[in-house]
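Enquirer: Just passing along the structure, written as C-alpha coordinates.
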Amino acid sequence: MAELNYDTVTSRADLVEFIQQLTSLLKTNPEQVENGTLESFLEGSGAWLDDLDLDSEDNLQRMGIPGRPSDWKFVALLIYAGVMYE
5 MAELNYDTVT
15 SRADLVEFIQ
25 QLTSLLKTNP
35 EQVENGTLES
45 FLEGSGAWLD
55 DLDLDSEDNL
65 QRMGIPGRPS
75 DWKFVALLIY
85 AGVMYE
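Here the sequence shown stands for residues 5 to 90, numbered as in the working numbering.
Written out as C-alpha coordinates, the structure reads:
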(Lines of atoms letter the chains of each structure in order from A and count residues from 1; the text may use other names and numbers.)
(Lines give C-alpha, C1' and ligand atoms only; values in the text may rest on other atoms or scores of the structure.)
Protein backbone atom coordinates (compact mmCIF):
# COMPACT_ATOMS: atom_id res chain seq x y z
CA MET A 1 0.00 0.00 0.00
CA ALA A 2 1.24 3.50 -0.82
CA GLU A 3 2.09 5.78 2.08
CA LEU A 4 -0.87 7.82 3.29
CA ASN A 5 -0.36 11.45 2.35
CA TYR A 6 -3.32 13.83 2.36
CA ASP A 7 -1.06 16.52 0.86
CA THR A 8 -1.21 14.79 -2.55
CA VAL A 9 -5.02 15.04 -2.76
CA THR A 10 -5.95 17.66 -5.35
CA SER A 11 -8.94 16.10 -7.09
CA ARG A 12 -11.99 13.97 -6.54
CA ALA A 13 -10.15 10.91 -7.89
CA ASP A 14 -7.27 11.54 -5.48
CA LEU A 15 -9.73 11.76 -2.59
CA VAL A 16 -11.39 8.47 -3.59
CA GLU A 17 -7.98 6.76 -3.68
CA PHE A 18 -7.04 8.30 -0.33
CA ILE A 19 -10.26 7.02 1.29
CA GLN A 20 -9.63 3.56 -0.18
CA GLN A 21 -6.12 3.59 1.30
CA LEU A 22 -7.49 4.52 4.73
CA THR A 23 -10.09 1.76 4.48
CA SER A 24 -7.37 -0.73 3.61
CA LEU A 25 -5.27 0.43 6.56
CA LEU A 26 -8.21 -0.03 8.90
CA LYS A 27 -8.82 -3.57 7.60
CA THR A 28 -5.21 -4.76 7.47
CA ASN A 29 -3.57 -2.86 10.36
CA PRO A 30 -6.25 -1.71 12.79
CA GLU A 31 -3.63 -1.22 15.51
CA GLN A 32 -2.25 1.74 13.50
CA VAL A 33 -5.60 3.54 13.58
CA GLU A 34 -6.64 5.71 16.52
CA ASN A 35 -10.37 5.80 15.73
CA GLY A 36 -11.53 2.55 14.22
CA THR A 37 -15.25 2.86 14.95
CA LEU A 38 -17.70 5.32 13.46
CA GLU A 39 -18.34 6.82 16.88
CA SER A 40 -14.65 7.41 17.61
CA PHE A 41 -14.07 8.62 14.03
CA LEU A 42 -16.78 11.26 14.41
CA GLU A 43 -15.45 12.25 17.83
CA GLY A 44 -11.91 12.53 16.39
CA SER A 45 -13.11 14.57 13.42
CA GLY A 46 -15.10 16.90 15.63
CA ALA A 47 -12.25 17.34 18.12
CA TRP A 48 -9.79 18.07 15.33
CA LEU A 49 -12.10 20.64 13.73
CA ASP A 50 -12.73 22.24 17.10
CA ASP A 51 -8.97 22.58 17.66
CA LEU A 52 -8.31 23.89 14.15
CA ASP A 53 -7.91 27.66 13.75
CA LEU A 54 -7.89 28.41 10.02
CA ASP A 55 -7.25 32.10 10.70
CA SER A 56 -3.86 31.42 12.30
CA GLU A 57 -0.96 30.71 9.90
CA ASP A 58 1.10 29.47 12.88
CA ASN A 59 -1.62 27.01 13.83
CA LEU A 60 -1.92 25.79 10.23
CA GLN A 61 1.84 25.14 10.13
CA ARG A 62 1.79 23.46 13.54
CA MET A 63 -0.87 21.05 12.30
CA GLY A 64 1.05 20.36 9.09
CA ILE A 65 -1.25 22.31 6.79
CA PRO A 66 0.82 24.13 4.16
CA GLY A 67 -0.96 27.44 3.55
CA ARG A 68 -4.62 27.25 2.62
CA PRO A 69 -5.53 23.70 1.62
CA SER A 70 -7.61 23.04 -1.45
CA ASP A 71 -11.17 21.88 -0.77
CA TRP A 72 -10.39 18.28 -1.77
CA LYS A 73 -7.22 18.24 0.30
CA PHE A 74 -9.10 19.63 3.29
CA VAL A 75 -11.71 16.88 3.04
CA ALA A 76 -8.94 14.27 2.88
CA LEU A 77 -7.25 15.84 5.87
CA LEU A 78 -10.52 15.85 7.79
CA ILE A 79 -11.04 12.14 7.09
CA TYR A 80 -7.43 11.39 8.04
CA ALA A 81 -7.86 13.36 11.25
CA GLY A 82 -11.07 11.49 11.95
CA VAL A 83 -9.12 8.24 11.85
CA MET A 84 -5.89 9.31 13.55
CA TYR A 85 -6.56 12.36 15.77
CA GLU A 86 -6.54 11.69 19.49
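For glycine and all other residues, C-beta sits at the position ideal for the given N, C-alpha and C.
Just so you know, these numbers come straight off a predicted model, no measurement behind them.
Quick one: what does DSSP say GLU21 is sitting in, helix, strand or coil?
Expert: Here residue 21 refers to the residue found at position 17 when the sequence shown is read from its first residue. Note: GLU21 maps to helix in three-state DSSP.
Enquirer: Does the beta-carbon of GLY86 have 16 or more other beta-carbons within 10 angstroms, so that it is buried, or is it exposed?
Expert: Within the sequence shown, residue 86 is the residue found at index 82, counting from 1. The residue is buried, with at least 16 neighbouring Cβ atoms inside 10 Å.
Enquirer: Here's the rule: buried if 16 or more other CB atoms are within 10 angstroms of the residue's CB, otherwise exposed. What is LEU42?
Expert: To locate residue 42, count along the sequence shown from 1; it is residue 38. Result: exposed.
Enquirer: On the three-state DSSP scale, how would you describe GLU35?
Expert: By 1-based counting over the sequence shown, the position of residue 35 is 31. GLU35 falls in the helix class under three-state DSSP.
Enquirer: What does the Cβ neighbour count give for LYS77, buried or exposed, with the cut at 16 atoms within 10 Å?
Expert: The sequence position of residue 77 within the sequence shown is 73, counting from 1. Flag for LYS77 reads buried.
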